[in-house]
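Quick mapping for you: the protein sequence lines, in order, are chains A and B. If you want the working numbering, it's the position in the first sequence, counting the first as 1, plus 350. If you want the working numbering, it's the position in the second sequence, counting the first as 1, plus 350. Positions of the beta carbon are idealized from the N, C-alpha and C atoms, including for glycine.
2 protein chains.
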Amino acid sequence: MAVPGHRLDRMFNPKVVAVIGDKGPGYMWLRNNMPLKEKGGTLYSVQLDEKEIPGIEALGVKNFTSMKEIPEEIDYAVVAVPRQVSPYVLKDLIENGAHGAGFFTSGFAETGEELGVQLQQKLTEMAREAGFNLVGPNCMGLYLPKAGVRFNDGAPVADDGRIGFLSQSGTHGIMFTLVANALGMHLSRCASFGNAIVLDVSDYLDYLMRDDETDVAGMYVEGVKNGRKFFETLREACKRKPVVVWKGGQTEAGARATMSHTGSLAAPQSVWDGMMRQCGAITTNNLDETTDVMQLLTKAKRPTGPRMALLAQTGGQSVSITDAFAKAGLQVPRFSDQTYASLGEFFNVIGGSYQNPLDMAGTIQGKMETLERILKIVDDDPNVDAMAIELSAMFAARQWKKDPATLDATLDALKAHSARSPKPLLVVLHPAHEAEYVGSIGPKFHERQIPLFQSFERAAAAMNRVLAYHANR
Amino acid sequence: MAVPGHRLDRMFNPKVVAVIGDKGPGYMWLRNNMPLKEKGGTLYSVQLDEKEIPGIEALGVKNFTSMKEIPEEIDYAVVAVPRQVSPYVLKDLIENGAHGAGFFTSGFAETGEELGVQLQQKLTEMAREAGFNLVGPNCMGLYLPKAGVRFNDGAPVADDGRIGFLSQSGTHGIMFTLVANALGMHLSRCASFGNAIVLDVSDYLDYLMRDDETDVAGMYVEGVKNGRKFFETLREACKRKPVVVWKGGQTEAGARATMSHTGSLAAPQSVWDGMMRQCGAITTNNLDETTDVMQLLTKAKRPTGPRMALLAQTGGQSVSITDAFAKAGLQVPRFSDQTYASLGEFFNVIGGSYQNPLDMAGTIQGKMETLERILKIVDDDPNVDAMAIELSAMFAARQWKKDPATLDATLDALKAHSARSPKPLLVVLHPAHEAEYVGSIGPKFHERQIPLFQSFERAAAAMNRVLAYHANR
């Protein structure tokens, strides 16, 4: 177990899982959780609708028509019943001795309707009184890949995840999971917690910060119930590991939307921003920024300073990469005399230049040994803290399509360089007119754990955030 | 001819084109310009290297070993010779009575080398004295799809282009062309003009603003030689049509890069920004922002106000789309009572909401008639100036993959709506974990001229820029 003795430890490492109220034809929740059985766990169903039972049993899942019949204590339950039924289900769960449950059921305070508000109040009182770990309601619940518990059937069940993620939105929780996976990053644990009526983001974060299976934590949050508790937990968490915080409802109109979405009252943005700074959290504004930062935190060496060496394929891009990094607040210094002397031995300045940025158009011409030579020279420069290189969808992709081995050779060279060097290397490949092709070769970058960004601006923003995080520690 | 009597008119509508100094194995410049012949023009080659001539003739192009042998006046020439030879070629061109030429040849003042500076000075004096239309040097020259003249063999030769583009960078000129084409937007004319020693951006812009085949103009520019002339030309151009200006070298480090790239000295950014505001230009910072704005200008109805209706597939995205548009300075108003009454007849608020933003998760469920009903109701709202809708790579893509006809039906519905409504409709589809699939279906959006954005932020930024342009007129 990851954090022995923690209130959430049993729910976060479940062996016995029950799905309450799943329905055909999809049986989404049972299907999501089938991997549990391969991982040695036990999956039960509770469904009293006679019409649904044959479909459930066809999946090889034991169904009960009452929770009382389940012969053991439940570690984690998924509740997908109509809202009016949910208090009765919670009562049964408490009587079972169940350790916790994710309530997919929605239609509570977030609707603004009286019935929804009353039902939410009822659930809150019951769960608080019993000390029950209620996740949600109005959420996708837990994704625990090592245990085989999932909230989406596209999410992997890899055992090597080191990123923990918390999301007040089901969509953003699932999307983060799917995008991170597509980028070659796996999760340790994820909680989608919706209305957060009992367990709030602070409770989950308290677990993640102590969890030795989680190196980096991230979250999408729309509001917190107890600001003081959140502040203290986040501050402590940021001391232990990087925490990336994506806040939903940063604007007045956005905050109105969070009220309809999860019934969250947003704090004034200036107060929130101040809290983030004091805690040392890494703040982001959307999914792209969040996954970009995660790539840098998990795939690259730790940056030690803001001085970038910028390598572009052509002159126009050498200007653009420089503007992007300089605007983000990073530095583009002159190289050392030694570097200029070494580059001067072979660099073609007709149609190229190597002031920093480098315009490699006339020099590389597809020659891998030249690229490796340039990387080595620039990397050795004491004026350089980190490197960013543009791969061109215009030039390189043409060669790669003709001879795919050249793509593999380039990526192997970048990977080998990154393994050797103590400095981070960021790679930018703009999908542009080659969106489908660039999408198709993404896995080649990601399986090599090469941090890949879709624009100079996104790479620069991620670099800036990670640098600021380390500078503030 | 597009602008009869204009100094550049003959060069911008060429019938006789010569390529000077092209080399195998690729014969890039001859291949680029082969479409000229299909368009009824004449393509000549000048190459005195005996080894290259068989390859040129194998392409079906008539080669001369001296320009003097060409039996007619050249409208436009492409010069791809070593820099030392370029003055002699220019002399021959002037003697031929040639109307203009793009000098691909580089290695001039941008290198900082004495020889390069001297050669550039020589070319400048010769061309000025002769009143010769020298494009560049250190550039890709002209792309004139209607004439069949190209600077890249991936660029289309469509006759329906209405966008003019000017670029001091060859890469950015080509990339804009390729990306615009991938997005279903064709060009009327494009000039890549590099060091701009004779013709400067103002000269080309003067043509584009008068050109009745160009509705919208854009440019990537690193520096201007004559600030007063540029200001006056741009101000006049912005009165006639939208002009999008992407400036390279906005930062100190970026300006250093422009010096190495095209020998451009950047104006202080604050002076530049003031000039852009005074002229009423639409300013952008990179290729993505430029093509995003172009989509809105050419594919959508003209926006008349900042009040957005925002339609998302799920709750989390309804918050994100709202934050993005509100941060960009757009408004997300409450709907009219009539709209709430109409939506209230069928909208599912359990797992959804319709305050503005709309969270359509529980309501649409793939039913096309429901989507059309929502679009119609919201579009009729007098509080709404424009609409943005999220299509989800998570939900919708799953359905589209299973049943591709549902994608076509959705896009047909969006297209039909946009044709009927006087209000712009922006579509956002985040590539996320489905990058390859989303890339593959892009053409379906673009052939229907649906403005498609890769993120809420990019859609909002484009909307904001176009609104500001119209507000300032």
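Asked	Found
Answer yes or no: does any C-beta atom of chain A fall closer than 8 Å to that of I632 (chain B)?	no
Could you tell me the distance, in whole angstroms, from the CA atom of V529 (chain B) to the CA atom of K579 (chain A)?	49 Å
Out of B:F675, B:R723, B:S686, B:L680, which has the shortest C-alpha to C-alpha gap to F697 (chain B)?	B:R723
Going by C-alpha to C-alpha distance, which of A:L776, A:R357, A:G665, A:F675 sits closest to G523 (chain B)?	A:G665
Mind listing, in chain order, the continuous beta strand (DSSP E) runs of no fewer than 3 residues lying wholly within the region 561-585 of chain A?	566-571
Quick check: the region 482-490 of chain A against the region 457-471 of chain A, are at least 3 beta-carbon pairs closer than 8 Å?	yes
To which residues does DSSP link S703 (chain B) through a beta bridge?	B:D709
Please report whether the beta-carbon of E695 (chain A) lies at a distance below 8 Å from any beta-carbon of chain B.	no
Going by beta carbon distance, what residues of the same chain come within less than 7 Å of L533 (chain A), once the five residues before and after it are set aside?	T641, Q645, H796
Hey, P772 (chain A) and A736 (chain A): beta-carbon distance below 8 Å or not?	no
In terms of residues, what are the limits of the beta strand (DSSP E) holding M737 (chain A)?	736-741
May I have the straight-line CA-CA distance separating N822 (chain B) from S542 (chain B), to the nearest angstrom?	29 Å
Rounded C-beta distance between Y556 (chain B) and T583 (chain B)? I'm assuming under 8 Å.	In the sequence as displayed, the identity of residue 556 (chain B) is Asp instead of Tyr. Right, their Cβ atoms sit about 5 Å apart.
My output table needs one value for N382 (chain A): the three-state DSSP class, helix, strand or coil.	helix
Who are the Cβ neighbours of F453 (chain B) in its own chain at under 6 Å, not counting the five residues just before and after it?	V429, G486, P487
Taking the runs of the alpha helix (DSSP H) that are 4 residues or longer, which of them lie wholly in the region 610-652 of chain A?	619-629, 637-649
Over what stretch of residues does the alpha helix (DSSP H) that includes G694 (chain A) continue unbroken?	687-694
Would A427 (chain B) and A448 (chain B) be called neighbours here (beta carbons separated by less than 8 Å)?	yes
Taking Cβ positions, are E602 (chain B) and A508 (chain A) nearer each other than 8 Å?	no
Using 8 Å as the threshold, is the C-beta distance between A738 (chain A) and A809 (chain A) below it?	yes
Counting Cβ pairs, one atom from each stretch, are 3 or more of them under 8 Å apart for the region 606-615 of chain A and the region 726-733 of chain A?	no
Note down, in chain order, every chain A residue with its Cβ under 8 Å from the Cβ of L528 (chain B).	M744, A782, H783
Touch check for the region 684-704 of chain A and the region 617-625 of chain B: three-plus C-beta pairs under 8 Å?	no
Among A:R590, A:A477, A:G716, which one has its Cα closest to the Cα of I444 (chain A)?	A:A477
With a cut-off of 8 Å, does the C-beta of S519 (chain B) fall near any C-beta of chain A?	yes
Out of B:G716, B:L725, B:K717, which has the shortest C-alpha to C-alpha gap to P707 (chain B)?	B:L725
Please check the pair I800 (chain A) and V816 (chain A), which I expect to be a contact at CB under 8 Å, by giving their CB distance rounded to whole angstroms.	Between V816 (chain A) and I800 (chain A) the Cβ distance is about 16 Å, and since that is not below 8 Å, they are no contact.
From N382 (chain B) to A743 (chain B), what does the alpha carbon distance come to, in whole angstroms?	37 Å
Go through the region 498-557 of chain A residue by residue and report every complete run of the beta strand (DSSP E) that reaches 3 residues or more, in order.	513-517, 537-542
Starting from the C-beta of R585 (chain B), find all residues in its chain whose C-beta is less than 6 Å away, skip the five residues before and the five after it, and write them out in chain order.	C629
Which class does G491 (chain A) belong to by DSSP, given the choice of helix, strand or coil?	strand
In chain B, which residues lie less than 7 Å from M525 (chain A) when you measure between Cβ atoms?	M744, A782
Take T461 (chain A) and list the residues in its own chain whose beta-carbon comes closer than 7 Å to its own, dropping the five residues that flank it on each side.	none
Can you list, in chain order, the residues of its chain whose CB lies under 7 Å from that of T720 (chain B), leaving out five sequence neighbours each side?	T713, I714
Alpha carbon to alpha carbon, what distance is there between E740 (chain B) and I513 (chain B)?	27 Å
Name, please, each residue of chain B whose Cβ falls closer than 7 Å to the Cβ of P707 (chain A).	A607
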